[in-house]
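Counting from -14, one number per residue, gives the positions in the sequence shown under the numbering used here.
Heads up, the beta-carbon is just placed ideally off N, CA and C, and yes, glycines get one too.
Inspection log for the structure reproduced underneath, given as structure tokens.
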Amino acid sequence: MIIAAVDKFSKPLKQATAMIGKLGSMAKGVGKVIGGLGLAVTAAAAAFVALGKKAFDALDDIGKTAGRTGIATDKIQALRLAAVESGGTIEGLNKSIEKFAKNVGDVVVKGTGEASYALDRMGITLRNNNGVLKSNDDLLTEIVGGIGKVGSEAERASLLMSFFGREGIKLNQVFGQGQETFDKWISTAQEMGFVVSGKSIAAIESFNDRFAELQFLVSGLINQSFAALAPVLDALIINFKDFAVEAQKSKGGLEKLGQEIATKFLDSVISLIRFVGEAGETLINFAIKS
-14 MIIAAVDKFS
-4 KPLKQATAMI
6 GKLGSMAKGV
16 GKVIGGLGLA
26 VTAAAAAFVA
36 LGKKAFDALD
46 DIGKTAGRTG
56 IATDKIQALR
66 LAAVESGGTI
76 EGLNKSIEKF
86 AKNVGDVVVK
96 GTGEASYALD
106 RMGITLRNNN
116 GVLKSNDDLL
126 TEIVGGIGKV
136 GSEAERASLL
146 MSFFGREGIK
156 LNQVFGQGQE
166 TFDKWISTAQ
176 EMGFVVSGKS
186 IAAIESFNDR
196 FAELQFLVSG
206 LINQSFAALA
216 PVLDALIINF
226 KDFAVEAQKS
236 KGGLEKLGQE
246 IATKFLDSVI
256 SLIRFVGEAG
266 ETLINFAIKS
């Protein structure tokens, strides 16, 4: 049966193969141009998407860090420049200002903590003259100014440790050189023009949050769809199993059924090849004449 099926389709299969070869030769020149252009466009698009995602993730991280620490987004961006040019890292900077927010928070809530003595040493209070709690952003500027006035390197290192932790000591050139140097880092970043406004960063944060929600929504929709399909698929499998058992009992069994399926499949494939070949040949001839 299988040999007969192969013999039956041998001639039309050869004709379809020949047509594909002819079509391939005609399309070779056109394919090179279109293929090269397609690859260039695809590569450019992929690079653009990757660059955009990297920028969005970086700005989103700045916004999230600002939210956790109370430090303004423009100041965080400037401090990132300062950290890198001082031999530190962005990760180290994030850890140091998060430690700063925690230590100041401990003093506010508990009245004690690592930063308590350091604040007393520099004569800095957490509240203004009206009794209103100062923002972490304002306190950071004031504390950096206070550390810069300390003459002893050892005491300066101790103060950096009290406010910013181990990473703070590594960023001595950022937090330990006084307010003038601190403000210079900020003005340099602004002059360079890479500081993105807080409003724009907030918009990117919102987009990233909505996009994350969309991913969960799509994932949930897919899961729910397949969960709903499970009983149907289960019934299909059972029905197919029953069908296969009955087919095996009939004359020829599953072997005969398989041969019939293979014959029909080959017929469909050859017909498809012929159609694609003839349609492709017509299109390429039209393109060449144009």
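Fully enclosed alpha helix (DSSP H) runs of no fewer than 4 residues occupy 157 to 160 and 164 to 177 of the stretch 144 to 190, in order along the chain. Taking the CA atoms as reference points, G150 sits about 45 Å from N208. Residue burial is scored here from C-beta neighbours: G72 has fewer than 16 other C-beta atoms within 10 angstroms and is therefore classed as exposed. DSSP places G77 inside the alpha helix (DSSP H), whose first and last residues are I75 to K95. Taking a contact as a CB-CB distance under 8 Å, the pair F167 and V129 counts as one, their CB atoms being some 5 Å apart. In this structure, V181 sits near L44, with a CB-CB distance shorter than 8 Å. The three-state secondary structure of L118, taken from DSSP, is strand. Contact check for I61 and N121: beta-carbon distance about 11 Å, past the 8 Å limit, so the pair fails to qualify.
8 Å or more divides the Cβ of I246 from the Cβ of G48. The criterion of a C-beta distance shorter than 8 Å is satisfied by G161 and R141. For the pair K87 and E152, the CB atoms are not nearer than the 8 Å cut-off.
Sorting V26, V93, S143 and N115 by C-alpha distance to the C-alpha of M107 places S143 at the top.
As the crow flies, the alpha-carbon of T248 is around 42 Å from that of A28. V89 is not a Cβ neighbour of A103, given a cutoff of 8 Å.
Nearest Cα to L125 within the set G98, T97, V117 and T54: T54. Contact annotation: A51 and L156 have beta-carbon atoms that are not nearer than 8 Å. Judged by their CB atoms, F33 and N193 are not nearer to each other than the 8 Å cut-off. Between the C-alpha atoms of K184 and F211 there is a straight-line separation of about 41 Å. Annotated as proximal: L66 and W170, with beta-carbon spacing under 8 Å.
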